[in-house]
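Residue numbering for the sequence shown follows the working numbering, beginning at -6 and increasing consecutively.
Beta carbons are placed, not taken as given, at the ideal position from N, Cα and C, and that holds for glycine.
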Amino acid sequence: MAADPYRGRLEDHLGRLDHARSRAGQLTTMAPDASVFSPPPWRVSLMAALPIGLCLLVMAVPAVGHGHALAYRTLYLLAFLAWVPVLIRLQRALWRAGWSPWKTVPLLLAVTYLMAVVNNVLGFLLPEAMGWSGAQPPRWPRVFFGIDDCWLALIAYCAANALVGHSHALKEAQGRQAQALLAARDAELRALRYQLNPHFLFNTLNGVSSLVAQARGEEACTMLARLGGFLRATLDRPSHEVSVAEELAMTETYLAIEQVRLGDRLRVEWDIGHGVLDASLPSLLLQPLVENAIRHGIARRSAAGRLSIALHARAGQLQLRVVNDLAPDDEAQGGRTLGHANVRQRLAWLYPQRHAFAAGLEDGVYVVAIAIPLQRLAPRGDAA
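Listed below in structure tokens is the structure:
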């Protein structure tokens, strides 16, 4: 009955394991799609017009002192600046509509050509509007010709704005891909964490069953009570990394469960170096290693067995070493267990190319050695 309050949480826990694995598989197959993006901010599109506007200003310099040429250049510059917001709106609408370049380019060429024609019309009307004496009457048939400067400036702006839009789309796609990879990493890490508890739970309940079969009811109840505390602390851990102090406390809770079953046959030695308690390491890193050491080593012994756990900070690394005695007839303790495989995968996700994992026989004992980057865990609640 002691485990009943946790039945619903365990069922939910196993359901999240399946969901996390499914989500990890979906996210890792996602590829960036540069065709789905929001247009660049208006200020960015407006800044794309600055180089072209400066070119038009430079082109107006030689016209100084040559009659009304400067007035025409000023008119065309102002007309260009007036057309820029219109072109921005048009290009943004085409991007949102998903138009292909093969449809967009001809449309923009046609629209900018009409804008250049309007500029020509304004140029023909300028002498009359300014009241210049001796001005030649406008020759309207030429309104559709001689528009090279105006048209090229507008085309150049459309190209510059398209380049800005493409760059913005690429950054957005890269950002989405980075988010997808982070989400996939988070989902896979959760799946690996959720994988451990059912495995541990099976082993622990099997131990409870053995105690009951041996008529050791009081010890079985104690073991169940400690199991409840362990599950309460592990099922809802929000972070993939915890402090060494938290992980040691969790490991001691697990060892207390095993101590009920094994009694004096389990002898634990701790070697915790100075200044490592606030270092970070993956949540539930120690427990599967300790569980393997007990299950495959000490629990198979008839005599007492030693389990040694050491943690030290050296050369910018947090070094973990778990050593356990073997059964007398066991010379090849299996290293390809669920716990070891799980730890390897989690280390690969959290510290790619920055960790070390080794496991095997060494002088008649089984040794697991891990090294990860030494990082300090920020105190929780500082922002409150």
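Three-state class that DSSP yields for residue i in the structure shown
{"i": "Phe138", "result": "coil"}
{"i": "Ala17", "result": "Only weak support exists for where Ala17 lies, its pLDDT of 48 falling under 50; the value from the coordinates is given anyway. Here Ala17 sits in helix by DSSP."}
{"i": "Gln84", "result": "helix"}
{"i": "Tyr359", "result": "strand"}
{"i": "Leu396", "result": "Because the chain in this structure spans residues -6 to 377, residue 396 falls outside the shown range and cannot be described."}
{"i": "Ser273", "result": "strand"}
{"i": "Pro366", "result": "strand"}
{"i": "Pro32", "result": "coil"}
{"i": "Pro44", "result": "helix"}
{"i": "Arg294", "result": "coil"}
{"i": "Ile148", "result": "helix"}
{"i": "Ala24", "result": "The predicted model places Ala24 with a pLDDT of 44, which falls under 50 and marks its position as unreliable, so this point remains unresolved."}
{"i": "Trp92", "result": "coil"}
Pick from the options that is closest to residue i, judged by C-alpha positions
{"i": "Val384", "options": "Leu274, Ala153, Leu147", "result": "Any property of residue 384 remains undetermined from this structure, which presents the chain solely from -6 to 377."}
{"i": "Gln280", "options": "Gln84, Met40, Leu248, Glu234", "result": "Leu248"}
{"i": "Gly332", "options": "Leu277, Trp263, Leu204", "result": "Leu277"}
{"i": "His233", "options": "Leu370, Ala286, Leu71, Phe137", "result": "Leu370"}
{"i": "Ala362", "options": "Pro99, Ala122, Ala352", "result": "Ala352"}
{"i": "Ala162", "options": "Arg89, Val114, Phe195, Leu204", "result": "Arg89"}
{"i": "Leu270", "options": "Glu239, Thr67, Arg337", "result": "Glu239"}
{"i": "Ala308", "options": "Leu115, Ala334, Gln368", "result": "Gln368"}
{"i": "Thr197", "options": "Trp263, Asn285, Val205, Met216", "result": "Met216"}
{"i": "Val283", "options": "Gly268, Ala349, Val360", "result": "Val360"}
{"i": "Ile265", "options": "Leu107, Ser93, Val237, Leu63", "result": "Val237"}
For residue i, the residue or residues it bridges with in DSSP
{"i": "Arg307", "result": "Gln310"}
{"i": "Ser301", "result": "Glu262, Val316"}
{"i": "Gly158", "result": "According to DSSP, which records beta bridges pairwise, Gly158 is partnered with nothing at all."}
{"i": "Ser236", "result": "Ser273"}
{"i": "Ala349", "result": "Ala364"}
Contact set for residue i: own chain, Cβ-Cβ below 6 Å, skip 5 residues either direction
{"i": "Ala341", "result": "none"}
{"i": "Gly200", "result": "Arg254"}
{"i": "Arg294", "result": "Ala320"}
Beta-carbon separation (whole angstroms), residue i vs residue j, contact threshold 8 Å
{"i": "Gly290", "j": "Leu319", "result": "5 Å"}
{"i": "Glu245", "j": "Ile287", "result": "So it is not a contact: roughly 14 Å between Cβ atoms."}
{"i": "Ile45", "j": "Ala153", "result": "7 Å"}
{"i": "Leu68", "j": "Leu115", "result": "6 Å"}
{"i": "Leu313", "j": "Leu304", "result": "5 Å"}
Proximity test, Cβ basis, 9 Å: residue i and chain B
{"i": "Leu74", "result": "This model lacks chain B altogether; it includes just one protein chain."}
Nonlocal neighbours in the same chain, by C-beta distance under 8 Å from residue i, ignoring five residues either side
{"i": "Asp257", "result": "Ala297"}
{"i": "Tyr344", "result": "Ile365, Pro366"}
{"i": "Arg347", "result": "Ile365, Pro366"}
Nonlocal neighbours in the same chain, by C-beta distance under 7 Å from residue i, ignoring five residues either side
{"i": "Val157", "result": "Pro33, Val37, Ser38, Ala41"}
{"i": "Leu83", "result": "Val104"}
{"i": "Asp26", "result": "Summary for Asp26: the model assigns pLDDT 46, below 50, so the residue's position carries little reliability, and this model does not support an answer."}
{"i": "Val358", "result": "Val316, Asn317, Asp318, Leu319"}
{"i": "Asp322", "result": "none"}
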